[in-house]
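Single-structure report; data block below.
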Amino acid sequence: MNKSTLKYIGKRLLISCATLLVISVVLFLMVRFLPGSPINNEKLSDAQRAIIEAKYGLDKPLIVQYVNYFKNMLTGDFGVSMNLYKDMPVSSLVGDAAKISFAYGICAVIIGSVIGILLGVFAALHRNTIWDTLATVISVIGVSIPSFVFALFILIFFAADLQLIPTMYDESQVVYSSIMPVLALSVGVIANVARFTRTEMISVLNSEYITLAKAKGLDGKTVIFKHALRNALIPVITILGPILVNLMTGTMVVEKICSVPGLGKLLINSIQASDYNVILACSFLYAVMYIFMMLIIDVSYGIIDPRIRLGKDD
Numbered sequence: 024m025n026k027s028t029l030k031y032i033g034k035r036l037l038i039s040c041a042t043l044l045v046i047s048v049v050l051f052l053m054v055r056f057l058p059g060s061p062i063n064n065e066k067l068s069d070a071q072r073a074i075i076e077a078k079y080g081l082d083k084p085l086i087v088q089y090v091n092y093f094k095n096m097l098t099g100d101f102g103v104s105m106n107l108y109k110d111m112p113v114s115s116l117v118g119d120a121a122k123i124s125f126a127y128g129i130c131a132v133i134i135g136s137v138i139g140i141l142l143g144v145f146a147a148l149h150r151n152t153i154w155d156t157l158a159t160v161i162s163v164i165g166v167s168i169p170s171f172v173f174a175l176f177i178l179i180f181f182a183a184d185l186q187l188i189p190t191m192y193d194e195s196q197v198v199y200s201s202i203m204p205v206l207a208l209s210v211g212v213i214a215n216v217a218r219f220t221r222t223e224m225i226s227v228l229n230s231e232y233i234t235l236a237k238a239k240g241l242d243g244k245t246v247i248f249k250h251a252l253r254n255a256l257i258p259v260i261t262i263l264g265p266i267l268v269n270l271m272t273g274t275m276v277v278e279k280i281c282s283v284p285g286l287g288k289l290l291i292n293s294i295q296a297s298d299y300n301v302i303l304a305c306s307f308l309y310a311v312m313y314i315f316m317m318l319i320i321d322v323s324y325g326i327i328d329p330r331i332r333l334g335k336d337d
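So, in structure tokens, the structure goes:
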């Protein structure tokens, strides 16, 4: 790497770290000013409440609380649950929940990408026909309707009426229990990938090198899958990172509906219980994932295309 590339990467890293620092401050203040308190037992006396507040450091000034929390956070210590899971380490709670949410997100991206690419290629090859219109309508519906609406539809039709899949998450039937939330999450991926694939495929099929490939006598399958699709997928791949992060941050309602013990459900339950440390850890993890993914994409663009790097430097 040359000097300008290293400078560009260093600048992006500094901006990302500064952004996360600001986010941590804002999250900390927002959580502290939420209505309610993790110590919400009305049977406690003032003296008992003061002892519990001192135990969790809630009796100290806000600035001292934040500094202590930030120093511990740098070492991976997010404290303990104050209310939801009494005195359990937050890092283990969030880690176990994040594994489930991440697995669901990966499965939804894989399924959605495969179906979306096939749908986009099909629409591009049948451009301006009824099939293209139908594929476009499916994509628009998938983008417009939230994933939790599809989860409710699958829950009512396939789980409640037809009884083909469990209505709730069951640890003894993990695969069957995962069908409903994964399908609901993959609908949005299918729609987005299909739209991008269709647009890029149409652009590639109209390019000169595709015309040259056809003039050389290559068969249709070779032209489409070896030349056109390969080049059309490059821009599509770049959107999969943000889509994965958006899935991770958008699974809250779906996980709640399906009773999936993932990060989204943990965050909702912690907000309802005013469990400060769990709320902070879940929210900050979402922010880290999003900033990290944006950093990877930003740096990749700068390395691949020097014009972007020079433009941002200017």
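All residue numbers for the sequence shown refer to my numbering, where the first residue is 24 and numbers rise by one.
Idealized CB from N, CA, C, for every residue including glycine.
Asked: Leu318, DSSP secondary structure in three states; Found: helix
Asked: Buried/exposed call for Thr152, threshold 16 Cβ in 10 Å; Found: exposed
Asked: Exposed unless 16 or more other CB atoms sit within 10 angstroms - verdict on Arg150; Found: exposed
Asked: Arg253, buried or exposed, once every other Cβ within 10 Å from all chains shown has been counted against 16; Found: exposed
Asked: Test item: CB-CB of Gly102 and Val113 under 8 Å; Found: yes
Asked: Start and end residues, alpha helix (DSSP H) containing Tyr31; Found: Lys26 to Arg55
Asked: Span of the alpha helix (DSSP H) around Glu278; Found: Met275 to Cys281
Asked: Status (buried if at least 16 other CB within 10 Å, exposed otherwise) for Ile213; Found: buried
Asked: Val54 vs Cys305 beta-carbon contact at 8 Å; Found: no
Asked: Local Cβ density within 10 Å of Glu278, reported as buried at 16 or more and exposed below that; Found: buried
Asked: Exposed unless 16 or more other CB atoms sit within 10 angstroms - verdict on Ile38; Found: exposed
Asked: Cβ-Cβ distance between Gly143 and Thr220 below 8 Å; Found: yes
Asked: Alpha carbon of Leu85 to alpha carbon of Leu52, nearest angstrom; Found: 8 Å
Asked: Distance, Ala41 Cα to Leu29 Cα; Found: 18 Å
Asked: Cutoff 8 Å; reference Leu36; Cβ partners in own chain excluding five residues on either side; Found: Leu318
Asked: Inside the stretch 193-280 only - alpha helix (DSSP H) runs reaching at least 4 residues; Found: 197-228, 231-238 and 252-272
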